[in-house]
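Top to bottom, those sequences are chains P and L.
Here my numbering is used: the first residue of the first sequence is 189, the next is one more, and so on.
Here my numbering is used: the first residue of the second sequence is 37, the next is one more, and so on.
All C-beta atoms in this analysis are idealised placements derived from N, C-alpha and C, irrespective of residue type, glycine included.
Fair warning: this is a prediction, and the values are worked out from it, not measured in the lab.
As structure tokens, the structure follows; a few thoughts come after it.
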Amino acid sequence: MLTDLYSRRALVWAFANRDFATRYRSSVLGWAWSLLQPLATLVVFAAVFSVVFRIQAPPLGNGNGSSYAAFLFTGIVTWNLFSSILNLSMTQLKSNGELLKKVQFPAWTPILGASIVQLVQVLLELVVLILMFLFLRNIGWTWILAVPILLGTLLFSQGVGLVLSVLNARYGDVQYIVAVVLGAMYFLTPVLYPVSMVEGQNELLGWVIKLNPMTWYVQGMHDVMYSLVAPPLWAIASLVLGGIVVFWLGFLAFERGSEDIGELL
Amino acid sequence: MSPMAGTHEYAVDVQGVGKRFLRHADRRNSLKERIVRGKAKNTQDFWAVRDVSLRIPQGAVYGLIGHNGSGKSTLLKMIGGIYRPTEGSIATQGRVAALIELGAGFHPDMTGRENIALNGSILGLSRKEIAAVTDEIIDFSGLNEFINDPVKHYSSGMYVRLGFSVAVHMKPDVLLVDEVLAVGDEEFQRKCFDHLYSLRRAGKTIIVVSHGLGQLEGLCDEVAWLERGQMQQHGPAVETIAAYLRKVNAEEAARNPLVSAVREDEAVRAGDQTVRAVSAQVTDAGGTAISHAETGTTFAVQIGITAPESVLGPNVRVALQHDSGTLVTMLSNHRWGIDFGTIQGDHTVRMAVPDNPLLPGRYRVHIDIFDYTGSRLLDSWNDAVEFAVRSPRGEIGQGLVELPIEVTFE
Numbered sequence: 189m190l191t192d193l194y195s196r197r198a199l200v201w202a203f204a205n206r207d208f209a210t211r212y213r214s215s216v217l218g219w220a221w222s223l224l225q226p227l228a229t230l231v232v233f234a235a236v237f238s239v240v241f242r243i244q245a246p247p248l249g250n251g252n253g254s255s256y257a258a259f260l261f262t263g264i265v266t267w268n269l270f271s272s273i274l275n276l277s278m279t280q281l282k283s284n285g286e287l288l289k290k291v292q293f294p295a296w297t298p299i300l301g302a303s304i305v306q307l308v309q310v311l312l313e314l315v316v317l318i319l320m321f322l323f324l325r326n327i328g329w330t331w332i333l334a335v336p337i338l339l340g341t342l343l344f345s346q347g348v349g350l351v352l353s354v355l356n357a358r359y360g361d362v363q364y365i366v367a368v369v370l371g372a373m374y375f376l377t378p379v380l381y382p383v384s385m386v387e388g389q390n391e392l393l394g395w396v397i398k399l400n401p402m403t404w405y406v407q408g409m410h411d412v413m414y415s416l417v418a419p420p421l422w423a424i425a426s427l428v429l430g431g432i433v434v435f436w437l438g439f440l441a442f443e444r445g446s447e448d449i450g451e452l453l
Numbered sequence: 037m038s039p040m041a042g043t044h045e046y047a048v049d050v051q052g053v054g055k056r057f058l059r060h061a062d063r064r065n066s067l068k069e070r071i072v073r074g075k076a077k078n079t080q081d082f083w084a085v086r087d088v089s090l091r092i093p094q095g096a097v098y099g100l101i102g103h104n105g106s107g108k109s110t111l112l113k114m115i116g117g118i119y120r121p122t123e124g125s126i127a128t129q130g131r132v133a134a135l136i137e138l139g140a141g142f143h144p145d146m147t148g149r150e151n152i153a154l155n156g157s158i159l160g161l162s163r164k165e166i167a168a169v170t171d172e173i174i175d176f177s178g179l180n181e182f183i184n185d186p187v188k189h190y191s192s193g194m195y196v197r198l199g200f201s202v203a204v205h206m207k208p209d210v211l212l213v214d215e216v217l218a219v220g221d222e223e224f225q226r227k228c229f230d231h232l233y234s235l236r237r238a239g240k241t242i243i244v245v246s247h248g249l250g251q252l253e254g255l256c257d258e259v260a261w262l263e264r265g266q267m268q269q270h271g272p273a274v275e276t277i278a279a280y281l282r283k284v285n286a287e288e289a290a291r292n293p294l295v296s297a298v299r300e301d302e303a304v305r306a307g308d309q310t311v312r313a314v315s316a317q318v319t320d321a322g323g324t325a326i327s328h329a330e331t332g333t334t335f336a337v338q339i340g341i342t343a344p345e346s347v348l349g350p351n352v353r354v355a356l357q358h359d360s361g362t363l364v365t366m367l368s369n370h371r372w373g374i375d376f377g378t379i380q381g382d383h384t385v386r387m388a389v390p391d392n393p394l395l396p397g398r399y400r401v402h403i404d405i406f407d408y409t410g411s412r413l414l415d416s417w418n419d420a421v422e423f424a425v426r427s428p429r430g431e432i433g434q435g436l437v438e439l440p441i442e443v444t445f446e
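In structure tokens:
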């Protein structure tokens, strides 16, 4: 599998280039648009949830009070990485269908190419997040740990995305189901609220949230970016390992499921 | 796959290959259907290709012919690795490039140059290899001026030219060509053919699917004829194409009405009607009505005439007009020095054309009858009948007639 990935890197890169070049080609503001959506979400959610619902963010790592907006945006960036990779991967086989029907090449290459382009957007969001924390003077060495955590998130998302892309090519309903599930999962991941608010309130809900893998990644990001706390090494390691395993399984499932993709599309 | 003795000589080795499709109407591509109705029943299976074996030697140009739906393109897609065979095995040597649809991988918003790079990667070239051939591709396509414009502004001809140029410059060991030779203008088509010939000289293997039998005859060493997904015949190009055309012509003959007309009495007539043409037919050498004539085979135009009173040696003149409007020739008994003598009553005039030199196309028959001096019109019947000429070989659109020639070479 690794040799496959390596030998086809030029093609993955070519697809990334294509998507990169065409993504905002006919819009004036270009990449600025890609930041507008998460920032608008941030402003609206920060206003609604902190004012109307009075959600209290945990204290910042620097001890200077708390910032719901910063807490929220940390979660949004992590969640967006997951959901955008998932959604983008899911539609890649169909949008490259004409090509896959006529030329023989590994079907996962346009998916990974699209994800690379999406990563650029995530990095832009990350820059905004870092600027936000710099402004709040909430800085720590634990930031370094965001790299393995986001890497784990990426691999996990891509693994799931690969499986969903094949399922979606076979069954047209999959994207609707995924939309519903993602919508629900968003609220079952501590993006809008700290997990502490649920603990002790409702046993069942607490368990559902804790068993949601995205909770682990988002919480990890909250720890290292917002609270400036280093999680134990085994926790970081298992986030990365979990991502690797899910990606590996997803890739294998994809290889099996996409053998006759040229006829399915 | 275990290496077999001698396998390396074959660029493509197809053994007992079959491809089964599910009928589209029965495909379970929604989850609900899958759950509610379960797995698809096998009764709707359809074998597009079955039991096909062929070995294509390295450096050969191989043609696939057959009716629409005979499985040619499916077989080609399996060789190209786009479809997986349901049964049997296919082994190919070297890089296989498919010209299945030109420009399939082009992105409309990207420029010609960017698309060359993308298509090159899709077809398996490294960046270095792409950079090395890009200028050559641009030159070949003749699109120098437009290469930095987005391809969505290209005309369909430009699009296809770029597609062809990219595909043939991918240095394939095996090139698959599906019905794409009929694209572009005359000049570009010639360029494509020249290029295919040069690839052939360079020892590349080419597999062509086409309905242009004349083109295939010139280009291919061997041809396989598929019929309803099964191998009907394969071997030297000329023989296989001839066998295929015999079958096609026979089928058409059986399906088409005989070329024969009886003149209606109400028809507007010119001439003084002392002799009248009453019926017209196209027949074979033996006088049996046929549905089409064949290049190289004797056929005859047979005209029924009637003269109520006795008339001195009339001249029956048959004009053959090609569908395009060109008058090909006039057949006339006087011209050949044949006098019918004094006639009265019903007669049949047969004008046989030995070893029919007419090339494939549709021809209209006009009949005029003149008196023995050739100056007074007795009867005229325009568009008496119309008949098709078919060829046992592939020459279509190569003119109107085949002239007997003598070639010398010093």
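- Query: Relative to chain L, which residues along the region 255 to 287 of chain P have a C-beta separation below 7 Å, given in chain order?
  - Reply: Glu286 and Leu287
- Task: Counting only the same chain and skipping the five closest in sequence on each side, list residues whose C-beta sits under 6 Å from that of P:Asn356.
- Result: Met278, Val362 and Gln363
- Message: DSSP three-state label for L:Ser246, please.
- Response: coil
- Item | Proximal residues to L:Phe142 (C-beta, below 6 Å), its chain only, five neighbours per side dropped | Asn151 and Val187
- Any chain L beta carbon closer than 8 Å to P:Gln292: yes
- Check whether L:Lys113 and L:Trp83 have beta carbons under 8 Å apart: no
- Please name the residues in the region 191 to 202 of chain P whose beta-carbon is closer than 8 Å to at least one beta-carbon of chain L, in chain order. Ala198, Leu199, Trp201 and Ala202
- So what does DSSP say about L:Asn78, is it helix, strand or coil? Its pLDDT being 47, under 50, L:Asn78 is placed unreliably in this model, and the coordinates cannot settle the point.
- Message: So, at 8 Å on beta carbons, what are the nonlocal neighbours of P:Leu452 in its own chain, with the 5 sequence-adjacent residues on each side left out?
- Response: Ala357 and Arg358
- How many angstroms separate the CA atom of L:Leu161 from the CA atom of L:Gly99? 26 Å
- For P:Tyr359, three-class secondary structure by DSSP: coil
- Item | Stretch pair the region 233 to 245 of chain L + the region 158 to 173 of chain L: three plus CB contacts closer than 8 Å | no
- Whose Cβ in chain L lies nearer than 8 Å to the Cβ of P:Arg206? His143, Met146, Glu150 and Leu154
- Three-way DSSP call (helix, strand, coil) for L:Gln268 in this model: strand
- Item | At least 3 beta-carbon pairs within less than 8 Å: the region 281 to 294 of chain L vs the region 316 to 327 of chain L | yes
- Task: Taking L:Leu235 and L:Ile277 to be in contact with their CB atoms under 8 Å, please state how far apart those CB atoms are, rounded to whole angstroms.
- Result: L:Leu235 to L:Ile277, Cβ: 21 Å. No contact.
- Message: Which residue wins for smallest C-alpha separation from L:Val48, given the options L:Thr122, L:Ser106 and L:Ala133?
- Response: L:Ala133
- Query: Between L:Arg429 and L:Glu253, which are expected to be in contact by the criterion C-beta below 8 Å, what is the C-beta distance as a whole number of angstroms?
  - Reply: 6 Å
- Query: For P:Arg196, which residues of its own chain have a beta-carbon under 6 Å away from its beta-carbon, when the five flanking residues on both sides are left out?
  - Reply: Pro294 and Thr297
- Item | Straight-line gap, P:Gln407 to L:Asn184 (C-alpha atoms, nearest Å) | 48 Å
- Amino acids of chain L, ordered along the chain, whose beta-carbon sits closer than 7 Å to that of P:Glu447: Arg120
- Alpha carbon to alpha carbon, how far is L:Glu263 from L:His103? Give it in angstroms, no decimals. 7 Å
- Within its chain, find whatever has a CB closer than 8 Å to the CB of L:Asp320; leave out the 5 residues flanking it on each side and keep chain order. Ile326, Thr333, Thr334, Phe335 and Ala336
- Query: Can a CB atom of chain P be found closer than 8 Å to the CB of L:Asn78?
  - Reply: Below a pLDDT of 50, predicted positions are generally treated as unreliable, and L:Asn78, at 47, falls in that range; the measurement from the model is reported next regardless. Chain P contact via Cβ: absent.
- Task: Can you give me the start and stop residues for the beta strand (DSSP E) that L:Ser3 sits inside?
- Result: With chain L covering 37 to 446 only, the question about residue 3 of chain L has no answer from this structure.
- Message: On the DSSP bridge list, what partners appear for P:Trp422?
- Response: DSSP lists no partner for P:Trp422.
- Query: Grouping DSSP H, G and I as helix and E and B as strand, with all else coil, what is L:Gly349?
  - Reply: coil
- Going by the CB atoms, is the gap between P:Met402 and P:Phe270 shorter than 8 Å? yes
- Query: Between the beta-carbon of P:Leu261 and the beta-carbon of P:Leu317, is there less than 8 Å?
  - Reply: Rather than Leu, the amino acid found at residue 261 of chain P in this sequence is Phe. The answer is yes: Cβ separation under 8 Å.
- Could you spell out where the alpha helix (DSSP H) holding P:Arg197 opens and where it closes? Arg197 to Arg211
- Task: Note down, in chain order, each residue of its chain lying with its Cβ closer than 8 Å to the Cβ of L:Tyr119, except the 5 sequence neighbours on either side.
- Result: Lys55, Thr110 and Lys113
- Query: So what does DSSP say about L:Asp145, is it helix, strand or coil?
  - Reply: coil
- Message: For L:Val88, list the residues DSSP reports as bridge partners.
- Response: L:Val53
- Message: Given a cut-off of 8 Å on the beta-carbon distance, is the pair L:Gly349 and L:Tyr408 in contact?
- Response: yes
- Task: Would you mind giving the Cβ-Cβ distance between P:Leu421 and P:Gly249, rounded to the nearest angstrom? I have them listed as a contact below 8 Å.
- Result: That pair is no contact at about 19 Å.
- At what residues does the alpha helix (DSSP H) containing L:Arg226 begin and finish? Glu222 to Arg237
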